[in-house]
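Worksheet: the structure to be examined is printed underneath.
Right under this line is the structure:
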């Protein structure tokens with residue numbers, strides 16, 4: 001692409017660094033911003049800079065926070081003795097959006113994946129173990145992706161947790177709206193193995 | 001979406017205002033920036049603010065510029081007596097990327113479209129007429145989209161241009177790689193009507 005303005009080119013290149021954004025989409029964004037009020041664009045710019053410098057990560061659960069402790073950990077209405085272990089912040093947002101969970105979280109920052117060079121020491125596993133030992137945790141729920149890496153991570157952490165803690169994982173099965181014939185064998189086999197009494201299925205609906 | 005950080009939520013909302021960006025993509029961008037070095041994010045923020053305040057529009061052709069006159073108008077190597085009339089800045093970038101055009105441009109800022117409430121007075125038509133009268137323009141090339149609005153705009157402007165100026169439009173026809181059977185009737189009829197001698201076709205390849 002040939003730009004007749006160096007300022008425009010620099011801005012397009014910066015936007016093109018964002019994930020999933022090519023040069024053409026970046027140009028569209030920049031030209032959109034160029035049409036907005038100067039004060040709105042200044043606000044956009046300020047919000048981005050402020051977000052990076054001021055967002056912190058919760059000392060307890062590693063979720064994003066505006067203070068030392070995130071709003072979920074600081075909320076006394078939530079069941080602090082239940083910990084849901086997730087891979088990243090996006091998973092916290094997804095689970096929070098269900099409005100069905102009232103415990104706390106622990107963000108691992110990834111899953112154990114030797115092929116990608118990610119071992120247990122690079123993840124927030126030690127702080128999770130420490131937390132379950134220090135606090136009066138009664139349940140740890142694993143909400144990791146159903147992959148080999150996810151299962152390995154569950155297996156590794158489970159062995160290190162205090163023996164008196166209940167350890168569960170979110171159910172694997174056929175998703176709502178999913179068609180049986182297109183489900184993979186592993187999912188189908190597991191959903192058969194972990195079949196539910198119809199009573200509990202109907203009442204949970 | 002439920003965010004546990006107000007800073008994160010504000011940043012996601014700002015990104016979601018960009019064209020074609022939904023909340024999920026915005027979140028992905030914000031989390032990407034959160035992982036970058038603070039200095040890189042500060043640079044991104046600065047570039048956006050600077051772009052909006054410092055980019056100007058060329059007094060002569062209304063293209064984006066870093067000064068009063070854009071780099072194309074200021075370039076004495078380009079044929080200043082040829083003007084290519086385009087709808088917007090994106091079209092200038094597209095034409096410049098072909099590296100086949102050595103004249104100047106005139107950005108209209110849209111096309112005449114009564115249904116959308118866009119009349120000639122809202123477009124940079126007066127400055128074009130004025131330019132052709134004042135400068136020694138020898139050719140005006142219309143490079144507008146082949147729509148009713150585009151054709152109306154060409155017709156309107158053409159009547160106002162000084163009579164001694166050559167007025168042309170970019171060729172309409174079957175695009176390279178396009179299949180004849182899928183071309184619409186209008187395009188096919190026009191490409192037949194404006195057929196080229198094989199000599200000129202082969203030599204222009």
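Residue numbers (UniProt numbering), protein chains in the order written: chain G, 1 to 205; chain C, 1 to 205.
The beta carbon of each residue, even a glycine, is placed where N, CA and C say it ideally should be.
Being a predicted model, the structure only gives us computed values, none of them experimental.
Per DSSP, what kind of secondary structure is residue i in: helix, strand or coil?
{"i": "residue 57 (chain G)", "result": "strand"}
{"i": "residue 140 (chain C)", "result": "strand"}
{"i": "residue 83 (chain G)", "result": "strand"}
{"i": "residue 168 (chain C)", "result": "strand"}
{"i": "residue 48 (chain G)", "result": "helix"}
{"i": "residue 118 (chain C)", "result": "strand"}
{"i": "residue 191 (chain G)", "result": "helix"}
{"i": "residue 67 (chain C)", "result": "coil"}
{"i": "residue 39 (chain G)", "result": "helix"}
Could you tell me the boundaries of the alpha helix (DSSP H) in which residue i lies?
{"i": "residue 92 (chain C)", "result": "89-97"}
{"i": "residue 35 (chain C)", "result": "23-35"}
{"i": "residue 122 (chain C)", "result": "Residue 122 (chain C) -> no alpha helix (DSSP H), and no H or E assigned at all."}
{"i": "residue 12 (chain C)", "result": "6-15"}
{"i": "residue 152 (chain G)", "result": "148-160"}
Can you tell me whether residue i is buried or exposed, with buried defined as 16 or more other CB within 10 angstroms of its CB?
{"i": "residue 77 (chain C)", "result": "exposed"}
{"i": "residue 186 (chain C)", "result": "exposed"}
{"i": "residue 62 (chain G)", "result": "buried"}
{"i": "residue 87 (chain G)", "result": "buried"}
{"i": "residue 176 (chain G)", "result": "exposed"}
{"i": "residue 171 (chain C)", "result": "exposed"}
{"i": "residue 11 (chain G)", "result": "buried"}
{"i": "residue 92 (chain C)", "result": "buried"}
{"i": "residue 153 (chain G)", "result": "buried"}
{"i": "residue 179 (chain G)", "result": "exposed"}
{"i": "residue 65 (chain G)", "result": "buried"}
{"i": "residue 195 (chain G)", "result": "exposed"}
{"i": "residue 148 (chain G)", "result": "exposed"}
Between which two residues does the beta strand (DSSP E) carrying residue i extend?
{"i": "residue 105 (chain G)", "result": "103-107"}
For a contact defined as C-beta to C-beta under 9 Å, what are the partners of residue i on chain B?
{"i": "residue 96 (chain G)", "result": "You won't find chain B in this structure, because its protein chains are G and C."}
Worksheet item: Which residues, in chain order, does the region 32-65 of chain C contribute to contact with chain G at a C-beta distance below 7 Å?
Response: 32, 33, 34, 38, 41, 42, 44, 45, 47, 48, 49, 50, 51, 52, 53, 54, 55, 63, 64, 65
Fill in: Positions along the region 172-192 of chain C whose CB lies within less than 9 Å of some CB in chain G
none
Worksheet item: Can at least three beta-carbon pairs, one atom from the region 45-61 of chain G and one from the region 10-19 of chain C, be found at a separation below 8 Å?
Response: yes
Worksheet item: Quick check: the region 95-103 of chain G against the region 113-121 of chain G, are there 3 or more CB pairs under 8 Å?
Response: no
Discussion item. Could you check whether the region 125-141 of chain G touches the region 159-166 of chain G, counting it as contact only if at least three pairs of C-beta atoms, one from each stretch, sit closer than 8 Å?
Written reply: yes
Worksheet item: Can at least three beta-carbon pairs, one atom from the region 17-29 of chain G and one from the region 55-75 of chain C, be found at a separation below 8 Å?
Response: no
Discussion item. Three Cβ pairs or more, each shorter than 8 Å: is that satisfied between the region 53-70 of chain C and the region 36-43 of chain C?
Written reply: no
Worksheet entry | Interfacial residues, the region 71-84 of chain C to chain G, with Cβ spacing under 8 Å | 71, 72
Fill in: Contact residues within the region 104-121 of chain C, judged by C-beta distance below 7 Å to chain G
none
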